[in-house]
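Which chain is which? The protein sequence lines are A and B, in order. Take the first sequence: its letter number 241 is residue 241 in full-length UniProt numbering, and every next letter is one higher. Take the second sequence: its letter number 92 is residue 92 in full-length UniProt numbering, and every next letter is one higher. Backbone N, C-alpha and C define an ideal beta-carbon position, used for all residues, glycine too. First up is the structure itself, then whatever we jot down about it.
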Amino acid sequence: MSKPNEAKIIGASLPRIDGPEKLSGAAKYAADNHLPRMSYAYGVFSTIASGRIQDIDVSQARQMSGVLDIFHHGHFPTLYRTPSSMEQENKVDETRLPFEDDKVYYPGQFVALVVAETFEQARAAAYRVKVDYASEKPIADLEQALATGEQPKPHGESGHERGDPASAFNQASNQIDVIYTTPMETHNPMEMHASTAMWDDGSLVLYESTQGVIFARNTMAKIFGLPVERVVVHAPFIGSGFGSKLWIWPHAVAAAAASRQIGRPVQLVVPRQQMFTTTGHRPATQQHIQIGTDAEGRLVALSHETVNATSMVNTVAELAGRCTPTLYSCSNVKVSHATVRANIGTPTAMRAPGAAPGLFALESAIDEAAVAIGMDPLAFRKLNYTEHDEGQDLPFSSIHLMEAYEKGAEKFGWSRRNPEVGSMRDGNELIGWGMAACNWEALKQDSEAHVSLRSNGTVYVSCATQDIGTGTYTVVAQTASAVTGVPVDRIQVKLGDSTYPRGPLAGGSWATATVMPAIAKAAKAAIEELKTYATGDDGPFQEASMDDLQFSDGQLSDGNGKSITFGELLKEMKLANADGRATTSGEMNSDYSYNSFGAHFVEVRWDPGISRLRVSRVVSAIDVGQIVNQKTAANQVEGAIVMGIGMALYEQTEYDPRSGLPVNNNYAEYLVPTHADQPPEVDVLLLDHPDYNFSEFGARGIGEIGITGLAGAVANAVYHATGKRIRSLPITLDKLMA
Amino acid sequence: MRTFDYARAETTGQAVSSADNSAFLAGGTNLLDLVKIDIMRPDTVVDINRLPLKTIERMPDGRLKIGALVSNTTLAHDPIVRSDYAVLSEALLSGASTQLRNKATTAGNLMQRVRCPYFRDGVSACNKRDPGSGCSAIGGFNRSVHAVLGTSDKCIASHPSDMCVAMAAIGAGIVVSGPEGERTIDFLDFHLLPGDSPEQEHALKPNELITHVILDAPIRGNRSHYLKLRDRASYQFALASSGVIVATSGGVVQDARIALGGVGTKPWRASRAEQSLRGKAPTQANFEEAARIAFEDAKAYKHNAFKIPLGQQAIVRSLTTVIA
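And the structure:
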């Protein structure tokens, strides 16, 4: 293996190798699969938020042209629930199956499914299914759930307590005691959830828009009572998911069951409106934060207690306090999480679950604590900096947060900040500068991979993970290239198919960290296999021992001037390929705490004459270990910054407080940043310090870190510009006018 | 979507003799959306795209005659519109997205339906969709797409158009053809206040077809501007907008036109506010007084009280911009 070559390809700035397929439309997504004899399904969705179905009248719909069948709780096969285990890789957030019974737990719940010859026929008939409901008054949101008096259900395992936070807070010379709220948010990936299901001799083939083909396969096997060998899931491309496509949701079960019942392939696309109800969301939170500091500004007490709304059918806790035990030095800390139930769909992970809403609150409160004692918020953070995870009492495997603070501040020009509120102006606009820290736990999983050196001189790599738009195809090719010396344009990468060697879920920012070691190990195994052929009978190096042979730049050599490319060698020996398979463990050395860090510096502009708020500049310094691909890494952080701006200023999923029905369930009224909302200046500084305590490649993953802390930095900048401390996201102009 | 008959009109005469419960299809950007979500249920869709209504022409008297099928993009970039009616070009370009503007037509924009979620959800009480059922927006969510001017206890949905705000400021006639011949409706009389019958949104009679909009001749020496205020920078209906046209001479305002969007149940002409400016110096204080007058009769609902000061800010800033 050639070290200089590895150094060059790992860390290079490469365009994504799947780009041409996506740009040309050749990349096939779940709903692009139109199978022979395919039929199309359309849902009938609950128009009440709570109650019971009294009657479903399908008589008119059933007679409409093209209709093949109409499923509902009185006409649906009996299936099994999945155990919903992370370890068994069959987890879902909503365990209830579609059409299990006549109960309605949330608006937009599947109450019937029409299958017809065409999409249009299915939809037309779905509108004619008459559902008679016995409606009950819903608990529409977190506020109403808290008002019921129901005791929040503690989420025990995620809590943390050290020292004596209550008395330390009471004795602190300065105290911040505040409540922050964050709204329900909806993932809104471009590609809508979609399932194309077909059955072949008792086996299920599912084209699913999923972030985890293995999880989807295992889950569907459990639900249909099949051995996993009889379920195949394909997801070579997905139009992102942001967490909403980690697990199987009811539509996939409905599509597969319908396909089996009618004996034809069925395609079901979840309409955009129901992406707001039945495929997960980031739940609304209420976060109570107490910060006590001593006279110098040192943290002496820190408490972060969160309650979020979950559905009536499953408990999903939003771990908003997940970074709080870790990020600062403090002897007295308390973190807790609890849930209350409402008539909403089941929440799920959304990009940086817990940390995104949690660091909005924590990093706002830290700013409040600094402001309260007249201290610069950056200086305050540096004063309370630690390189020891006091939550786990372990050193961090690698931490360059101080460098992130310093480099970010320098690039941003933080030293020129006038701390006085409303003191910086440009024409009609007040300028605010704010900052916040980022934090995300570094994780990896078990994985397998297959690498094949082929007689045509190319390398084939396969792994049952997915590229959800982040660049995994490219990173996998770079890894295989680093080991084999073969350029990426001669490496074919196959992902997103459950028949490939078991790979990780594309979530938690762990795909890169997980697959790189497996790909590398499989590539090395393939090289060893090649050496075995080379030194065996008929091999060109039969005189040599395997240890004598060197493999670099795609060539095998004996060190005595004889060398041959693997393609030629295989051809000469009439062999198709040399295969390597590998399994790697996600287990990590328990001597360290593994985390990624960073710092955001944000400039906002507030024009009080027309109540206009815009983010005009962002500098983010990010410490995620080795950068594998400068281009895709920067792209991940830039995208996360933009998503964070949406979280800070625009996003909130609204339900009518009386009916519990969705109010802004479309792309026009659920606001996300448009092109025109991109800050004119975004600078991402990738610190690029490999974390070899974490893995041989030292890369910790980069998908989520960029959104953590961003909303806090925006809120702090807004305070600096306006003097208004907005503790309730999103920061809309009406809140600043009040 | 429900099945409907499709017919293509080759002449205006054919179009206006359509069957009952038919809808004219021009750009389709609003009609097809609402048909797909089952809110509009025409029995017949009459495609009028072959009618010769795609030209913009200056009339001998200085007015501008715009064909019903002229796209929003074409109209926004028309040289005469850009030079003589800047407020209209700016309003059009602040609306929707490039793709939508390429498809959307002048007459279609006049006929745009409201964005009220309770109108669009097909279930909630809505007097516009289901007369007599009630108004869910009063007492529900009413922050973004609900009005503070011209509301009634039957409906508070705001009119969504930007183009119409500019036309209300400019002054125009809407030429319509019907079974009984051609007539012209004054622009300000075209859209109706909700009153007791919010299901009646405009002054068209059954089967009447808009063929042209004729803009008044431009005010000599005018400067104009459209300012749209919203949460995000693009692709959002106005929370409040202001289209203004001002002509000054000798240090005083000779003529002023102020029309408002996002805050009214129809494209809102603030006539009394305009009146207050005529003959006065174009000062900040006078602009603020005009803005105050414009919202004298405003009625706020639970979530949209901010639209009153926001609308006033839109007036003051847009006037300040044209005077600068």
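Under the DSSP definition of a beta bridge, Arg282(A) partners with Glu185(A). Remark: C-beta atoms of Thr653(A) and Met38(A) do not approach each other more closely than 8 Å. Pro309(B) belongs to the set of residues whose beta carbon lies under 8 Å from a beta carbon in chain A. Contacts with chain B at 8 Å (Cβ-Cβ) include Met737(A). Following the DSSP letters along the chain, one finds Ala197(A) inside the beta strand (DSSP E) bounded by residues Ala194 to Asp200. Chain-ordered listing is empty here: chain B has no CB closer than 8 Å to the CB of Ser447(A), the nearest sitting near 40 Å.
Between Pro325(A) and His160(A), the CB-CB gap stays under 8 Å. With respect to the C-alpha of Tyr80(A), the residue from Glu208(A), Ile223(A), Asp55(A) and Leu401(A) having the closest C-alpha is Ile223(A). Asp255(B) sits close to Arg278(B), with the two beta carbons spaced by under 8 Å. Asp688(A) is positioned such that its CB atom lies no closer than 8 Å to that of Arg700(A). For the pair Val475(A) and Leu556(A), the Cα-to-Cα distance works out to about 25 Å. Annotation: the continuous alpha helix (DSSP H) that includes Glu528(A) extends over Ala511 to Thr535.
Closer than 8 Å to the CB of Asp688(A) there is not a single CB belonging to chain B. Think of a sphere of 7 Å around the beta carbon of Gln313(B): the chain A residues whose beta carbon falls inside it are Gly609, Ile610 and Ser611, in chain order. Counting C-beta pairs with one atom in each stretch, the segment 429-445 of chain A and the segment 501-517 of chain A have three or more that are closer than 8 Å, which means they touch. Leu34(B) has its alpha-carbon roughly 43 Å from the corresponding atom of Ala324(B).
Taking a cut-off of 8 Å on C-beta distances, the segment 120-140 of chain B does not touch the segment 158-168 of chain B, as fewer than three cross pairs fall below it. Under the three-state reduction of DSSP output, Tyr460(A) falls in the strand class. With respect to Thr306(A), His281(A) sits apart: the two C-beta atoms are not nearer than 8 Å. Contact holds between the segment 327-336 of chain A and the segment 163-170 of chain A, because three or more Cβ pairs, one in each stretch, are under 8 Å apart.
For Leu575(A), not one C-beta of chain B is nearer than 8 Å to its own C-beta. Ser659(A) belongs to the set of residues whose beta carbon lies under 8 Å from a beta carbon in chain B. In this structure, the alpha-carbon of Val459(A) lies about 16 Å from that of Ile564(A). Close to Pro673(A), with beta-carbon spacing below 7 Å, are these residues of chain B in chain order: Arg232. Annotated three-state conformation of Cys164(B) is helix, per DSSP.
Using a Cβ distance threshold of 8 Å, Ala116(A) and Met1(B) do not count as a contacting pair. At a Cβ-Cβ threshold of 8 Å, Leu113(A) and Ala258(A) count as neighbours.
Only residues of its own chain outside the window of five on either side were considered, and among them Val104, Tyr133, Ala134, Ser135 and Glu136 have a CB closer than 7 Å to the CB of Gly51(A), listed in chain order. For Thr3(B), the C-beta contacts it makes with chain A under 8 Å involve Ala124, in order along the chain. Inter-segment contact for the segment 460-475 of chain A and the segment 484-499 of chain A is present: three or more beta-carbon pairs are separated by less than 8 Å.
Here the alpha carbon of Thr348(A) sits roughly 13 Å from the alpha carbon of Thr285(A).
Taking a Cβ-Cβ cut-off of 9 Å, the neighbours of Val663(A) in chain B comprise Pro117, Tyr118, Asp121, Gly140 and Phe141, given in sequence order.
Leaving aside the five residues that flank Ile185(B) on each side, the residues in its chain whose CB is nearer than 6 Å to its CB run, in chain order, Ile174 and Ala203.
For Tyr500(A), the secondary structure class from DSSP, reduced to helix, strand or coil, is coil. The criterion of a C-beta distance shorter than 8 Å is satisfied by Asn218(A) and Val228(A). Rounded to the nearest whole angstrom, the C-alpha separation of Ile219(B) and Ile170(B) is 8 Å.
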